[in-house]
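Protein chains in written order, with numbering that gives the first Met the number 0: chain A, 0 to 265; chain B, 0 to 265.
Protein chains: 2
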Amino acid sequence: MLLIKVGGGKDINWDGVCRDIAELWLSEPVILVHGASVLRDELAARLSIPVRKVISPSGVTSVYTDREAIEVFLMAYAGLANKRIVALLLSQGVKAVGLCGVDGKLWEAKAKKEILVRESGKTKLLKDNLTGRVERVNAELLRLLLEHRYLPVVCAPAVSFDNEIVNTDNDTAAAVMAGEMGVRKMVYLFEAPGLLRDPDDQGSVIRRIGKYEIEAFLPFARERMKKKILGVKRAVEAGVEAVFFGDGRTQNPVKNALAGQGTVIG
Amino acid sequence: MLLIKVGGGKDINWDGVCRDIAELWLSEPVILVHGASVLRDELAARLSIPVRKVISPSGVTSVYTDREAIEVFLMAYAGLANKRIVALLLSQGVKAVGLCGVDGKLWEAKAKKEILVRESGKTKLLKDNLTGRVERVNAELLRLLLEHRYLPVVCAPAVSFDNEIVNTDNDTAAAVMAGEMGVRKMVYLFEAPGLLRDPDDQGSVIRRIGKYEIEAFLPFARERMKKKILGVKRAVEAGVEAVFFGDGRTQNPVKNALAGQGTVIG
């Protein structure tokens, strides 16, 4: 089983991604997880709802999420992005079904109402944060769909153990899902040719990372990439054998990544 | 099997609807279809995207839908409203799964790119309209979910036979779905105590309409209610035995409707 996670950047070649998936889908089950961060930010700006990005004491960037932010999230991720991708896959002959983490408790998260953040050099406690970390996945629902040849197209938000809609880290969720579903291969697509030794040099792609040296590469990762590396580490710990980082902007983003044209981990 | 269709008004008592559904769900399969017109209109206003309402030569009101309007539709219906309802049902112990008509081609529609409308007393032809009439329903997907005790929470938009996302009339879609699924009872909830003889008199509820006299009651219906009546006619022709119109604003909207407190048709 193949899990493909595509970032929410604006230059992702979604036609190419969906064409590749349609081809792979003929020979193996696929789960697609997608982001929509750029759509979310654009929508928040149009609605004059500020996106408040916060940085944890360990340096990981995330979004502080109040009720309004969750609404924007639902609209951009579960509404606009998810259904557009489903329609693209349908037009490639793949019966796709879009779900967010709330549907059938697909992604159950432990709520983190209070979070520590670094702001202007100080560590602060933020309350009433509607985020959570995915701890449980409804593998039964995913299997049900896959067994009947429906391709699950999955996105945040998740649902807390108290049935509140919560924002969540996609990369952690994907890793937990990979573990529960017995996924062997994962593809991560984003707007870079792979993990870069020097983030300003597109030619400095790190070609290969062994499964026991993932953490050693954290210093090369900036902001959102840090989360991906942590997600990959978790996924590998959960049984994933190979993770392929690839460029989502190319003609054949998934196939290129699987051919090792980006960074191969594992 | 029970199909419940809830309108998109702002005063619908969703807590009550979901509580009622949780109780009924213990003894019979339920499909929930919902609108989100007020959310859609609010969002369109906030995004400064005008909602262009048009009236057909036969007097039925609908929304002219271009690409921007479809985006607002996806955000309000498939994003915000759908997932909020799913979360409410989850908190009532019902494993709900939210789908729009695009997912797995749940609602396949024949596109109507050109529509005739009445505007300032004249009949005009509008082009590039992204709407369609649902003709085919993916009953297999609905059955799959229901058999595994997942309650489908369904909304527009639909998908055209060319895999374009299209706005559609919920009431027609619900009727087609009822026919395909062998639904025997339907509940329609909205912001009125039933079909009114005099729309300005909440006490003038028509209590009973026979299955062969539905059309005779069309003159009592205004705007959106006309569509419901036409939808009901179609549903009854497709095999539905009884349709219950009820007030979505009460404490127990579904149970009250089933108890005949609104208008009973069939």
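Glycine included, C-beta positions come from ideal geometry on N, C-alpha and C.
- Contact annotation, Leu129/A with Asn169/A: C-beta distance approximately 16 Å; criterion of less than 8 Å not satisfied.
- For Gly92/A, not one C-beta of chain B is nearer than 7 Å to its own C-beta.
- In this structure, Lys210/B lies near Gly265/B, with their beta-carbon atoms less than 7 Å apart.
- About 7 Å separates the beta carbon of Ala220/A from that of Leu194/A, a gap short enough to meet the 8 Å contact definition.
- With fewer than 16 other CB atoms across the displayed protein chains lying within 10 angstroms of its CB, His147/B is exposed.
- Per DSSP, the unbroken beta strand (DSSP E) holding Ser159/A starts and ends at Ala157 to Ser159.
- Phe243/A and Lys82/A have their C-alpha atoms some 25 Å from each other.
- Going by beta carbons, Ala138/A and Glu179/A fall inside the 7 Å limit.
- Proximity of Ala77/A to chain B, defined by a Cβ-Cβ separation below 7 Å, is satisfied.
- Straight-line measurement puts the Cα of Gln260/B at about 46 Å from the Cα of Leu31/A.
- Taking a C-beta cut-off of 9 Å against chain B, the contacting residues of the segment 26–54 of chain A are Leu42, Arg45, Leu46 and Ser47, listed in chain order.
- Around the beta-carbon of Glu70/A, 16 or more other beta-carbon atoms lie within 10 Å, marking it buried.
- Taking 7 Å as the cut-off, the beta carbon of Pro56/B is found closer than this to the beta carbon of Arg117/B.
- Judged by their CB atoms, Val93/A and Ala173/A are not nearer to each other than the 7 Å cut-off.
- As summarised for the segment 22–62 of chain B, the continuous alpha helix (DSSP H) elements at least 4 residues long and confined to that stretch are 36–45, given in chain order.
- In the displayed model, Asn166/A falls within a strand according to three-state DSSP.
- In the same chain as Gln91/A, and ignoring 5 residues on each side of it, the C-beta atoms closer than 8 Å to its own belong to Cys17, Arg18, Ile20 and Ala21, in chain order.
- The Cβ atoms of Gly97/B and Asp65/A lie no closer than 7 Å to each other.
- Arg142/B has its alpha-carbon roughly 11 Å from the corresponding atom of Val136/B.
- For a cut-off of 8 Å, the C-beta gap from Asp40/B to Val29/B is around 28 Å, too long to register as a contact.
- With a 10 Å radius around the Cβ and a threshold of 16 neighbouring Cβ atoms, Thr60/A comes out exposed.
- Within 7 Å of the CB of Ile164/B, the CB atoms of chain A belong to Lys82 and Ala86, in sequence order along the chain.
- The beta-bridge partner set that DSSP reports for Trp106/A consists of Val136/A.
- Within chain B, no residue has its beta carbon less than 7 Å from that of Tyr211/A; the closest one is some 39 Å off.
- Secondary structure note for Phe72/B: its alpha helix (DSSP H) is the uninterrupted segment Arg66 to Phe72.
- A residue is called buried once 16 or more other Cβ atoms fall within 10 Å of its Cβ, and Thr122/B, having fewer, is exposed.
- For Arg117/B, the uninterrupted beta strand (DSSP E) segment begins and ends at Ile114 to Glu118.
- The beta-carbon separation of Leu124/B and Val53/B, rounded to 11 Å, does not stay under the 8 Å limit for a contact.
- Residues of chain A whose Cβ lies closer than 7 Å to the Cβ of Glu70/B are, in chain order, Leu79.
- Under the Cβ criterion of 7 Å, Met74/A is counted among the residues facing chain B.
- For Asp246/B, the number of other beta carbons within 10 angstroms of its own is at least 16, and it is reported as buried.
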